[in-house]
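Okay, structure first, notes after.
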Amino acid sequence: MFEEQAKLPPTNALDIPSNRNFDSWFEYPVRVQPHHTDYAGIVWHGTYLTWLEEARIECLRSIGIEFADLVTLGCDLPVVELSVRYHRSIQLGMAVVVKTRMTEVTGVRINWDYAIVSTDGQQLYVTAKVALVALDRERGKIMRQLPPSVKDALAKISSLHNN
1 MFEEQAKLPP TNALDIPSNR NFDSWFEYPV RVQPHHTDYA GIVWHGTYLT WLEEARIECL
61 RSIGIEFADL VTLGCDLPVV ELSVRYHRSI QLGMAVVVKT RMTEVTGVRI NWDYAIVSTD
121 GQQLYVTAKV ALVALDRERG KIMRQLPPSV KDALAKISSL HNN
């Protein structure tokens, strides 16, 4: 009849950083507004993606990379891979912290980890992974290598957040 289907690992085995120590990660605080939620006052799943991107953009800004400057250089960083694990819901009015760190740069692929936690760090709400690639905006093709200024700045963030 049916071939054996792939089995998902148990929820507690997926993408929860083993040490749950987010101390060296970039922090982006958020307060849940009405437009972030569904009709029941629970954060809508698509809102998390916006928060992840905002945190990533602010993290880059904190090391001197302005997204507008990348555009001027003819470089874009589109998301090519995304995974999100929802551990518990976040509700209207709550304050949370989106924590992020760049984990690896392989050629023109840039990998990021995320955790959305309570302000006291005791509750884990969401974990996520995002992969970006450097794209030549004019040609619409993946770049062969990162622009030198971007590569230098990313080396700086890597040393800051992965120690």
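In full-length UniProt numbering, the protein residues as written are 1 to 163.
Quick reminder that beta carbons are idealized off the backbone N, C-alpha and C, glycines included.
According to DSSP, Pro34 sits in a beta bridge with which residue or residues? Position 34 of the sequence shown, counted from the first residue, corresponds to residue 34. Per DSSP, none; premise fails for Pro34.
For Tyr28, which residues from the same chain have a beta carbon less than 8 Å from its beta carbon, with the 5 sequence-adjacent residues on both sides left out? Along the sequence shown, read from residue 1 onward, the residue named residue 28 stands at position 28. Within the same chain, and ignoring the five residues on either side of Tyr28 in sequence, the residues whose Cβ sits closer than 8 Å to its Cβ are Trp51, Glu54, Ala55, Glu58, Cys59, Val97, Val98, Lys99 and Thr100.
Suppose you measure from the CA of Arg31 to the CA of Val71; what does that come to, to the nearest Å? Position 31 of the sequence shown holds residue 31. Position 71 of the sequence shown holds residue 71. Going by the C-alpha atoms only, they are around 29 Å apart.
On the three-state DSSP scale, how would you describe Asn19? Working through the sequence shown from its first residue, we reach residue 19 at position 19. Note that Asn19 scores 45 on pLDDT, short of 50, meaning its location in the model is unreliable; the coordinates nonetheless yield the value given after this. Note: Asn19 maps to coil in three-state DSSP.
Can you look up Thr119 in the DSSP assignment and give me helix, strand or coil? Here residue 119 corresponds to residue number 119 of the sequence shown, with the count starting at 1. Correct three-state label for Thr119: coil.
Which residues does DSSP pair with Phe67 in a beta bridge? On the sequence shown, position 67 is the one that residue 67 refers to. Phe67 pairs with nothing; no bridge assigned.
Test item: CB-CB of Pro147 and Leu73 under 8 Å: Taking the sequence shown and counting its residues from 1, the one referred to as residue 147 is at position 147. Taking the sequence shown and counting its residues from 1, the one referred to as residue 73 is at position 73. Against a cut-off of 8 Å, the Cβ pair of Leu73 and Pro147 comes out as a contact.
If you count every other CB in all the chains shown that lies within 10 Å of the CB of Tyr39, and 16 or more means buried, which is it? In the sequence shown, residue 39 corresponds to position 39, counting from 1. A residue is called buried once 16 or more other Cβ atoms fall within 10 Å of its Cβ, and Tyr39, having fewer, is exposed.
Determine the DSSP secondary structure at Leu8, reduced to helix, strand or coil. Counting from 1 along the sequence shown, the entry for residue 8 is found at position 8. With a pLDDT of only 46 at Leu8, under the threshold of 50, the placement of this residue in the model should not be trusted; the figure read from the coordinates follows. In the three-state scheme derived from DSSP, where H, G and I count as helix and E and B as strand, Leu8 is classed as coil.
Tell me the DSSP secondary structure of Arg61 in three-state form. On the sequence shown, position 61 is the one that residue 61 refers to. In the displayed model, Arg61 falls within a helix according to three-state DSSP.
How far does the beta strand (DSSP E) with Arg137 in it reach, from first residue to last? Position 137 of the sequence shown, counted from the start, is the residue given in the question as residue 137. Taken as a continuous stretch (DSSP letters only), Arg137 belongs to no beta strand (DSSP E), as it is neither H nor E.
Just the Cα atoms here: how many angstroms apart are Ser89 and Phe67? By one-based count along the sequence shown, residue 89 stands at place 89. By one-based count along the sequence shown, residue 67 stands at place 67. Distance between the alpha carbons of Ser89 and Phe67: 30 Å.
Hey, could you find the ends of the beta strand (DSSP E) Ser83 is sitting in? Here the question's residue 83 lines up with position 83 in the sequence shown. Its beta strand (DSSP E) spans residues Val79 to Tyr86.
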